[in-house]
Amino acid sequence: MKTIEERIDELSPELRKLSLQIHDHPEIMFQEKYAHDTLTAFMSSHGFTVTKHFCSLPTAWRAEYTYKTGGRTLGINSEMDALPEIGHACGHNLIAISGVGVALAVKTALEKHDVPGRVVLLGTPAEEGGAGKVIMIEEGGYKGLDACIMCHPGPGPAHSVGLGSSLAVQNIEVEYFGHTAHASAAPWEGTNALDAAFLAYSSISVLRQQIKPTHRVHGVIKGKDLAANVIPDYTKMLWLVRAPTWAELEILRERVKACLEAASLATSCKIAMSFGRGTYDLRQNSVLASSFGDTIKARYGWSTTDAEGAIGGSTDFGNVTYEMPAIHPSFAIPTEQNGGNHTRGFTAAARTITAHEICLTVTKSLALTGFRVINDDTFFHGAKQAFENS
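Residue numbers for the sequence shown follow the UniProt record's numbering, so the first one is 1 and each next one is one higher.
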């Protein structure tokens, strides 16, 4: 642990600079060019072999370091994307430097303690709605990893981390096609696509009374410029369906789909519907989570929570947890009242020196857990068994 702590403390000024660079150049999903170039240059300068534009994604990347031959492979994720208009309101600048810090600290530990193994840091774009990790999984970007780790900031009590689950999510995009007509002179000649959208919205609003408290359905009408004296011939809606598990989501999705189709039938509009890539719930590996939690409690006096039930958000890292032993602890940073994730208050909070220092404490505990994956046979096989049993 001392090796890891000293290395991360040594790297702190560089990591702080990196965090501010990313924070001050916010880029939305699939457009993280500055972050891609900055992070790959940094990893290359620290002795990692870098693959730019990894998989089919122009802003994904892979940084790899191998010490001697044999040994296991630890995977780590660094997210990069910001949100439209409000920048790094989910703290991905902190996630990025945490991944970098874990990778460099484990590299140092392998060398100093003469432990064969490999460290792979993946730069994963488009977590905010683009399912970048899901695409990378589909294209083999996670193959060869024995475990994968990352962390995520959020609001909460000081010196606390969460090891709970998250909601599975899938988006549904629906378009209604009608026929224009003069809304006063000949409305009977029109087929109203806006009516279809409003019927769908109303039906889903009624459906919410009949779904479980842990389920979520929310959406918006996108459409186009509309005139009050013209029967609209086109509207577009985007819906997100969430549930604590993927199996529950599939059931809820069919009920939402029925509402959308019924609106088409009732208004005589044609319908086109498409489903986005599914993002699964988080399956925190119990062995990895216990190691991380025990370390941060014993070493730094922090508290941990793993309360039953999922947090309200979703992450494409959930799909990673279905592929291998993995953890995704959340950690609390101070923010203004009602300044949680996806608010301007959180954007400001993610830039503070306090958030940076908190992030590095989490990074140290995460790095030790990652090092144990490579160094400790009994520990790794326990994590693997827990994954297979989940």
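The C-beta atom is built at its ideal place from N, Cα and C for all residues, glycine as well.
Note that the structure is a prediction, hence the values are computed from the model and not measured.
- prompt: Can you check whether the CB of L163 is closer than 9 Å to the CB of F292?
  reply: yes
field: Cβ pair P325, D281 closer than 9 Å
entry: no
- request: Flag this pair as touching only if the stretch 240-257 and the stretch 208-221 have three or more C-beta atom pairs under 8 Å; answer yes or no.
  value: yes
- request: Could you work out which residue in G339, C359, E189 and G178 is closest to S160 when comparing CA atoms only?
  value: C359
- prompt: Should R7 go down as buried or exposed, given a rule of 16 or more other Cβ atoms within 10 Å for buried?
  reply: buried
message: In the DSSP output, which residue or residues are listed as bridge partners for F331?
response: P153 and V161
- prompt: In three-state DSSP terms, what is S44?
  reply: helix
- request: Please state whether DSSP places L104 in a helix, a strand or coil.
  value: helix
message: In whole angstroms, give me the CA-to-CA distance for P157 and S98.
response: 20 Å
message: I'd like the list of long-range same chain contacts for R351, defined as Cβ closer than 6 Å, with 5 residues on each side in sequence excluded.
response: H23
query: Below 9 Å between beta carbons: does that hold for L57 and I135?
result: yes
message: Quick check on G278 - is its C-beta less than 9 Å from some C-beta in chain D?
response: No chain D is part of this structure, which consists of one protein chain only.
query: Is R242 helix, strand or coil when you go by DSSP?
result: strand
- prompt: Within this structure, are the beta carbons of G276 and E175 separated by less than 9 Å?
  reply: no
Y300 versus L366, T267, L39 and Y65, residue with shortest Cα-Cα distance: L366
- request: Check the C-beta distance from R72 over to G117 and give it rounded, since I have them as a contact under 8 Å.
  value: 6 Å
message: So, for G70: in the same chain, excluding its five sequence neighbours on each side, which residues have a beta-carbon less than 6 Å away from its beta-carbon?
response: P116
message: Nearest by alpha-carbon distance to A289: which of A247, Y34, K384 and I251 is it?
response: K384
- prompt: Any idea what DSSP makes of E10, helix, strand or coil?
  reply: helix
message: By the three-class DSSP mapping on this structure, what secondary structure does I231 have?
response: coil
Host beta strand (DSSP E) of residue 465 (start-end): Here the chain comprises residues numbered 1 to 390, so residue 465 is not present and cannot be evaluated.
- prompt: Taking contact to mean at least 3 C-beta pairs separated by less than 8 Å, is the stretch 78-93 in contact with the stretch 31-39?
  reply: yes
task: Sort out for me which residues DSSP pairs A147 with in a bridge.
output: L74
field: Cβ pair count under 8 Å reaching 3, the stretch 5-20 against the stretch 87-102
entry: yes
- prompt: In three-state DSSP terms, what is S203?
  reply: helix
query: When you compare only the Cα positions, how much space is there between A272 and G132?
result: 25 Å
message: Which runs of the beta strand (DSSP E) at least 3 residues long sit entirely within the stretch 295-370? Give them in chain order.
response: 303-305 and 330-332
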